[in-house]
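As structure tokens, the structure follows; a few thoughts come after it.
Protein chains: 2
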Amino acid sequence: MTGFTLHSQLENDCHVMGHLHGCLLLLHRNSALPWYILVPKSNVNQLHLLPPATRSGLNRAMDQMAEFVLSQPGCEHTNVAAIGNRVPQLHLHVVGRWQGDPCWPGVIWGNLPEAPARSAGEVGRLLGLLSELRGFNG
Amino acid sequence: MTGFTLHSQLENDCHVMGHLHGCLLLLHRNSALPWYILVPKSNVNQLHLLPPATRSGLNRAMDQMAEFVLSQPGCEHTNVAAIGNRVPQLHLHVVGRWQGDPCWPGVIWGNLPEAPARSAGEVGRLLGLLSELRGFNG
Chain A
1 MTGFTLHSQL
11 ENDCHVMGHL
21 HGCLLLLHRN
31 SALPWYILVP
41 KSNVNQLHLL
51 PPATRSGLNR
61 AMDQMAEFVL
71 SQPGCEHTNV
81 AAIGNRVPQL
91 HLHVVGRWQG
101 DPCWPGVIWG
111 NLPEAPARSA
121 GEVGRLLGLL
131 SELRGFNG
Chain Z
139 MTGFTLHSQL
149 ENDCHVMGHL
159 HGCLLLLHRN
169 SALPWYILVP
179 KSNVNQLHLL
189 PPATRSGLNR
199 AMDQMAEFVL
209 SQPGCEHTNV
219 AAIGNRVPQL
229 HLHVVGRWQG
239 DPCWPGVIWG
249 NLPEAPARSA
259 GEVGRLLGLL
269 SELRGFNG
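Chains A and Z, in that order, are what the protein sequence lines are. FYI, the numbering used here numbers position 108 of the first sequence as 108, with every residue one higher than the one before it. FYI, the numbering used here numbers position 18 of the second sequence as 156, with every residue one higher than the one before it.
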């Protein structure tokens, strides 16, 4: 495909951490929860319309990110979702959750409290950890 | 795997429509939106922990249900999510959405308004349509 551009809302809300199996890997700026977003490089807007190779890459990246999130201290569970009601560009959320987290047991979408932006040091630390994932390119 | 039992909350909230590629296929009783739920017959509680064959079946069923939902009059979009904060049994939501629907553009989880239960006639009509899906067993 050609002409892939990250949606401006995702660009505003997130740090672009790198690339993972054909997806852009984003980290939401809100520090309340570990909230990662995978954006497959495709112009379709529904999961089932992705070309098979792109879908396969997204599935692999999704699983790696779920494992990554669960490897972080305190995370007990993941929420995985493709919603896209406000941002039409196809993107998949992978969010680390735990009992008593700032939204528990509700979902984060529409419910996440204001929280400080992540510090540059914290983003750098996470980037260092992510760079160890198989298939990650910064 | 052995000993699979549908979680009582899902049983209470949904109609069991049948089986699709190793998953139970449920329809939420709330008639506000076309809200289907796939429950893979497994005791793991995260997508990435599913055995490959079960995962593959779930992916196939998820795509079929997205296509099915989009084939219904008025549906423009799907929301697909594995959340499981309140019900720990792994289950995947496939929800039909459209601009101006009762929750638009919010998510349904925690936001769905009260709505009448579906009539037996409507459930029967949908069951008839679902029975045409490849791999569906009532």
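Just so you know, even glycine gets a beta-carbon here, dropped at the ideal spot from N, CA and C.
Bounding residues of the beta strand (DSSP E) (the contiguous stretch that carries residue i)
i: residue 18/A; result: 14 to 20
i: residue 87/A; result: Looking at the DSSP string, residue 87/A is not in any beta strand (DSSP E), and its letter there is neither H nor E.
Residue i and residue j closer than 8 Å at C-beta
i: residue 185/Z; j: residue 148/Z; result: no
i: residue 45/A; j: residue 3/A; result: no
i: residue 27/A; j: residue 14/A; result: yes
i: residue 31/A; j: residue 97/A; result: no
i: residue 156/Z; j: residue 267/Z; result: no
i: residue 21/A; j: residue 135/A; result: yes
i: residue 176/Z; j: residue 232/Z; result: yes
i: residue 180/Z; j: residue 189/Z; result: yes
i: residue 192/Z; j: residue 178/Z; result: yes
i: residue 78/A; j: residue 69/A; result: yes
i: residue 64/A; j: residue 126/A; result: no
Whole-angstrom C-beta distance between residue j and residue i, which should lie under 8 Å
i: residue 218/Z; j: residue 82/A; result: 5 Å
i: residue 110/A; j: residue 244/Z; result: 5 Å
i: residue 62/A; j: residue 92/A; result: 6 Å
i: residue 114/A; j: residue 99/A; result: About 22 Å separates the two Cβ atoms, so there is no contact after all.
Residue span of the alpha helix (DSSP H) that contains residue i, given as start and end
i: residue 207/Z; result: 190 to 208
i: residue 267/Z; result: 258 to 268
Residues sharing a beta bridge with residue i, DSSP
i: residue 173/Z; result: 233/Z
i: residue 164/Z; result: 154/Z and 175/Z
i: residue 255/Z; result: 168/Z
i: residue 216/Z; result: 234/Z
i: residue 142/Z; result: DSSP lists no partner for residue 142/Z.
i: residue 275/Z; result: 157/Z
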